[in-house]
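So the sequences go chain by chain: A and B. At position 51 of the first sequence (counting the first as 1) the number is 51 in our numbering, and the numbers step up by one without a gap. To convert a position in the second sequence, counted from 1, into our numbering, add 176. C-beta: ideal position from N, C-alpha, C; glycine also. As structure tokens, the structure follows; a few thoughts come after it.
Protein chains: 2
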Amino acid sequence: MQEIADNAGINKAMLHYYFRSKDKLFDAVFEDALKDFLPKVNELLNAELPLFEKIEHFVENYISILLENIYLPSFIIYEINQNPEKLTSLLKNKKDLHTEIFKRQINDAVKKKLIDPIDPVQLIINMIAMCIFPVIWKPIIMKIFGMSEKAFIEFIKLRKKEIPRFIINSIKKSVK
Amino acid sequence: MQEIADNAGINKAMLHYYFRSKDKLFDAVFEDALKDFLPKVNELLNAELPLFEKIEHFVENYISILLENIYLPSFIIYEINQNPEKLTSLLKNKKDLHTEIFKRQINDAVKKKLIDPIDPVQLIINMIAMCIFPVIWKPIIMKIFGMSEKAFIEFIKLRKKEIPRFIINSIKKSVK
DNA sequence: GTCTATATAGGGATAGAC
DNA sequence: GTCTATCCCTATATAGAC
């Protein structure tokens, strides 16, 4: 609380005056982060684009958002794992991640034999995993592969093109 | 410390007697977890298997290890992000993740035109991302896709086959 | 080595003046 | 609304008897 107050240029008493308690402050921060983040992601998920373009569009923009909020993912993950119930209470009146349209789109592509059969949920998780994971493993990746801060950012930026290529390569109907 | 002492069936004073400080206790726990984990992962990374089989072997066994230590990944990620310097000091005298052999193997496969050109580091990160990420996003995935605990574990187990299929589909030389 | 009792510090929270 | 001073509690850590 002291550190937060210092950074905000006020004192602890003021923090308590505004937010009543540390817990309430936390919830406010968390909610605020999500309020900003979720709508953007939903917009990407539900953009009106053909499947392959949508994957490219999603990954490119999602990674950009992640790079602007590089500490958010590990913050969210830590708190959610500490307190899984909080997720329910924080999201219950709000917009969640809306994956229905995207799932249907994937299933349609399978039916039309544009792509090989795949469970939409598995595909979506693969896509999100490849976007988010490197960001939260940042220090480990830098260590294992001997990257500088700059090299790491470069590495992530390359993934904007690399991940869609990787995914589309995998799912597109193979020539028989 | 009280909670740890209780679970260990001793008292706080004993904890301090053994470990000197909370910080030292933490380091001991962390080191212990890594000492157990890293050698197993290195073994999987350096198994003497052809590329595709190695990917299957790695993913299958890595996910099994993760399921046995389902809280470890988010614990490690949180602590490393809090304290990136600690990673260096904890690993400096120890075996790190050894990716050299695997990287060479991937490059060889590219040269022999067994697979499409790809940066080995990107491929390795993709693979690890798809394995670890769902485990640390567990509560969020359960919420978004309405899974029970049991359904989630089932979902992860399916990925033992799903991920290698997805990767190999992506990298294997396309028919021209 | 193991315990009880206690010192000490730090952080969340409030009282009360302005 | 904003500040200073202070309360209160908990958690780390130690002293010292056994």
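Specify the secondary structure class of residue i as computed by DSSP and reduced to three states.
i	result
B/I291	strand
B/K268	coil
A/N173	Correcting the residue type first, residue 173 of chain A is Lys in the shown sequence and not Asn. It is coil, neither helix nor strand.
B/H274	coil
B/N259	coil
Could you check the C-alpha separation between residue i and residue j for me, to the nearest Å?
i	j	result
B/L242	B/I308	7 Å
A/E79	B/L290	44 Å
B/I253	B/Y194	26 Å
A/A129	B/A305	6 Å
A/S64	B/Q281	32 Å
A/M1	A/S21	10 Å
B/M323	B/S350	36 Å
B/L201	B/A209	12 Å
B/G185	A/G9	46 Å
B/K352	B/L220	A caution first: B/K352 carries a pLDDT of 48, below 50, which makes its placement in the model too unreliable to give a value.
A/E48	A/I55	11 Å
A/N107	A/D116	10 Å
B/K333	A/I4	42 Å
B/A354	A/I163	Nothing in the structure corresponds to residue 354 of chain B, since chain B is present only between 177 and 352.
B/P296	B/D203	32 Å
A/F102	B/D182	49 Å
A/A151	B/K288	28 Å
A/Y71	A/I136	8 Å
A/L97	A/N83	19 Å
B/R355	A/E31	What the structure shows of chain B is the stretch from 177 to 352, and residue 355 of chain B is not part of that stretch, so it cannot be assessed.
B/L263	A/F75	18 Å
A/N126	B/R335	10 Å
A/N61	B/T275	30 Å
B/N345	A/K143	30 Å
A/D36	B/D212	40 Å
A/I171	A/I124	12 Å
A/P39	B/L214	38 Å
Starting from residue i, trace the alpha helix (DSSP H) in both directions and tell me its first and last residue.
i	result
B/L210	K198 to L221
A/M147	Looking at the DSSP string, A/M147 is not in any alpha helix (DSSP H), and its letter there is neither H nor E.
A/N69	A/N69 -> no alpha helix (DSSP H), and no H or E assigned at all.
B/N302	P296 to I312
B/L135	Nothing about residue 135 of chain B can be reported from this structure: the residues present for chain B run from 177 to 352 only.
A/H16	K12 to F19
A/N7	Q2 to A8
For a cutoff of 8 Å on Cβ pairs, would you count residue i as touching chain A?
i	result
B/D199	no
B/K337	no
B/F206	no
B/S265	no
B/V235	no
B/S346	yes
B/P293	no
B/V305	Going by the sequence as given, residue 305 of chain B is Ala instead of Val. Closer than 8 Å to some Cβ of chain A, the Cβ of B/A305 qualifies, so yes.
B/I186	no
B/I329	no
Give a yes or no on whether 8 Å exceeds the smallest Cβ distance from residue i to chain B.
i	result
A/K149	The displayed chain sequence assigns Glu, not Lys, to residue 149 of chain A. Cβ-Cβ to chain B under 8 Å: no for A/E149.
A/K78	It is Tyr, not Lys, that sits at residue 78 of chain A in the sequence shown. Judged by the 8 Å Cβ criterion, A/Y78 is in contact with chain B.
A/S74	yes
A/N7	no
A/Q2	no
A/F102	no
A/N126	yes
A/V121	yes
A/F37	no
A/D27	no
A/L49	no
A/K173	no
A/I180	Outside the shown range of chain A (1 to 176) lies residue 180 of chain A, about which nothing can therefore be said.
A/P164	no
A/I65	no
A/I106	no
A/N81	yes
A/F145	yes
Cβ-heavy atom distance between residue i and the ligand COA below 7 Å?
i	result
B/Y247	The ligand COA is not part of the structure shown, which contains no ligands of any sort.
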